[in-house]
Each structure stands twice: as C-alpha cells, then as structure tokens.
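Each remark here refers to the structure printed beneath this line.
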Amino acid sequence: MRKGQNPAKTVGKVAMPQRITVALLNYIPFLSGFYSEALEVLKISLSSMRNDPGLPFDLLVFDNGSCPEVLAFLNSERDAGRIQYLLLSERNLGKGGAWNIIFSGAPGEIISYADSDVLFYPGWLKRSLQILETYPKVGMVTARPFRTRPELFQGTLEWARTDNSASMETGQFIPWETFWEFNRSLGQDESDNREIYASTSDCRITYRDLEAIVGASHWQFTAYKSILQEFLPFDMDRPMGQVRQLDQRMDENGYLRLMVPDPLAMNLSNSTDYLKAGVPGRPMHKQVTLMKSVVKFPPFRKVLLAIYDQIFRWFYD
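What the sequence shown shows, in this note's numbering, is residues 55 to 371, in sequence order.
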C-alpha cells in the first residue's frame, strides 16, 4: 500500500535538453600497455570539447565497460555537472552496439558524435552545424578535412554535379601539413603518405557561399538524429573493423558526407605526445632510438601487433 504522496507530483516543470547532444564513446579496459595514457587522452578530449565550441550542448558519455579508475573519473565528472548523461555498460558492446543505444536515446535533435581520443579546437561545433544546416540532405559533417575513400562519397559527388546551386572543384585543397598531421597520428609512414598525397586530390564544394570538403568519417561527425535512426540497428559481430557500415549506408542512400575545410578536430590516438611539445596543434618530434627503429620495421611490427592482439583476446574476449 502506498504511504503518502510522491513529492514529484508537486514539481512544476522539468529540465529541457539542449538541441544538440554531444555523444562520446569510451572504452579503456585497463591503464597499461596500449591504454597507459588513455585516461589522460580522455580528459584532454573532454576539456577541449568544452573550450569555445560555439554552441551550447548537453554531453552524453557512453562507457563500453572500462576499468574502475576510468568509471570513477566519469562519475566525478557527472557529479560536477560536466556530463549530463552518463551510460555505463557492464560489457563491451562494440561500437555498433553502443551506437544503437546512443542514436536511439540521445535527447537532442542533433547528435555530434566523437570517439574518446578526439582533440577539438574552438568553434568546432558551430562550424559543423553551419554546413549541416546550409547544405541539403546532409548525412554527416566531420570537423576536420582529410582524404577518405572515394567510393564512400559518390552520392555527394553526384549531387554536386546535378545541383545548379552547387559548384565543385578538384585540387590539392588540404595542405600537406594538415594531411600528414592526421595520418601521422595513425602511425603511418611519411614517405608512403607523400606518394599518396601527390597522387590524390580533394573535392571542394561551394553552396550558398559556404565551402565544404567532400568526405566524412565515423570517428567524429555531426548529424541529425532522425537521419542516424534510419540506419538502426547496427549488427556488428566485432568491437571494431565494421564501423564503415554507417559511411557506406549514408552514401548508398544519397546523403551528403562533408567536412569543414580547415582542421577543427584532431585524432590523439592513444598518446599525449601530440601536445607534449607545448605547442597545441603541432606534433612533437621525438628522438628515434635504435630499439624504436627495430620495432617499427614493418615485418617485425606486424608480428608484435599480432602477438599483442592475441594476448588481448585471451584476456578480454
């Protein structure tokens, strides 16, 4: 039998969510090895996200089964009012499983998604939204230009060719420094990238006096929630490696995939080396030791990574 009346009945109004939900997906199973700096990277990402984004937002963090130290930090951020919605999964559902929950449950009309290793620069959200709200039938906008696979933006090219209000140019619109800055963060080789850069180009569109680079990516993007929900559910049987499904489906359905023309987001990966030089936005050049040279030798590196991957699976699969 009920005792008394629920005090909630006297509440006259409830808090309304912001129009934009920034959704960050996090997974740090332990704080050693590959993940030794991951918590610090997460802290940098969250701090940079809030540094003059240009528009208000609510922050939703989905944690995919991280270690206790990371959960303690996230709970403290929520208690301090810096995370509005904190979802804690007992197990790692993979990116697809997390997306199913995020894209269904985020309260905002617009979702700006990011992996937990993204570094943001002032104005990143406002500039992304300008493109999202200016261009027609936009699927996703990434806050950094980089070269993506042409087969994933054929729908965008087709629209630009047929819409008389749009003009498209092809050329080297992404400077080499910007191109290499991003690819270097992925552990790629400079000589290979110079060849790739010289042999490829960028497509730039101008629509209603607003420029955008063709392409986008699943690691960071801003999109309408209603459009993202068209592609649910994501059925991915591995934690990673299948996330291009979103890119492919958007292109196949004729949604534009665009990027801001200058870098307003950066991939930190699993290290803070990018910022240790003391000059944000510039990578740190570290002395390469003999041991590092050996480890980076492609055949040896491949074997070591395979061993590391197998050990990881033994412990966490």
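Just so it is clear, CB atoms sit at the ideal spot from N, CA and C, and this is done for glycine as well.
Legend entry - Candidates GLU244, GLY269, SER158 and GLU223: closest to GLN208 by CA position: Nearest to GLN208 by alpha-carbon distance, out of GLU244, GLY269, SER158 and GLU223, is GLY269.
Inset, instruction - May I ask you to verify whether the segment 197-212 touches the segment 300-315, counting CB pairs closer than 8 angstroms and requiring at least 3? - result: Yes: at least three Cβ pairs fall under 8 angstroms.
Legend entry - Inter-residue Cα distance where the pair is SER280 and ALA152: 17 angstroms
Inset, instruction - Please say whether ILE185 and LEU264 have beta carbons closer to each other than 9 angstroms? - result: yes
Inset, instruction - Could you check the C-alpha separation between LEU282 and GLY193 for me, to the nearest Å? - result: 8 angstroms
Legend entry - Simplified DSSP state of ALA252, which is helix, strand or coil: helix
Legend entry - the segment 219-227 touching the segment 138-149, judged by at least three CB pairs closer than 8 angstroms: no
Inset, instruction - Go through its chain and collect everything with a Cβ distance to VAL68's Cβ below 8 angstroms, but skip five positions before and after it. - result: none
Inset, instruction - Alpha carbon to alpha carbon, how far is SER253 from PRO190? Give it in angstroms, no decimals. - result: 31 angstroms
Legend entry - Within 9 angstroms, strictly: CB atoms of THR326 and GLU91: yes
Legend entry - THR196 beta carbon less than 9 angstroms from that of LEU312: A contact, by the Cβ cut-off of 9 angstroms.
Legend entry - CA-to-CA distance, ILE228 to PHE236, given in whole angstroms: 11 angstroms
Inset, instruction - Could you check which residue in TYR251, LEU286 and SER166 has the C-alpha nearest to that of VAL76? - result: SER166
Inset, instruction - Pull up the distance between the alpha-carbon of ILE156 and that of VAL297, whole angstroms please. - result: 15 angstroms
Inset, instruction - Leaving aside the five residues before and after PRO317 along the sequence, list all residues of the same chain whose C-beta is less than 6 angstroms from its C-beta, in chain order. - result: Result list for PRO317: ARG198 and THR232, in chain order.
Inset, instruction - On the DSSP bridge assignment, give the partners of GLY225 in chain order. - result: ASP256
Legend entry - Minimum C-alpha distance to PRO122 - residue among TYR139, TYR251 and TYR81: TYR81
Legend entry - Same chain only: Cβ atoms within 6 angstroms of PRO334, ignoring 5 sequence neighbours per side: Because the pLDDT at PRO334 is just 43, under 50, the model does not fix this residue reliably, and the value given afterwards should be weighed accordingly. None.
Inset, instruction - Taking ASP256 and GLY150 to be in contact with their CB atoms under 8 angstroms, please state how far apart those CB atoms are, rounded to whole angstroms. - result: Actually they do not touch by this definition, with Cβ atoms about 29 angstroms apart.
Inset, instruction - Starting from GLY148, follow the alpha helix (DSSP H) in both directions and report where the run begins and ends. - result: 148-159
Inset, instruction - May I ask you to report which of helix, strand or coil DSSP gives LYS340? - result: Low per-residue confidence applies at LYS340: pLDDT is 40, beneath 50, and the placement is therefore not dependable, though the value from the model is reported in the following sentence. Three-state result, LYS340: coil.
Legend entry - Buried or exposed (CB count within 10 angstroms, at least 16 for buried), PRO110: Result: exposed.
Legend entry - Straight-line Cα distance separating GLN59 from ARG181: 48 angstroms
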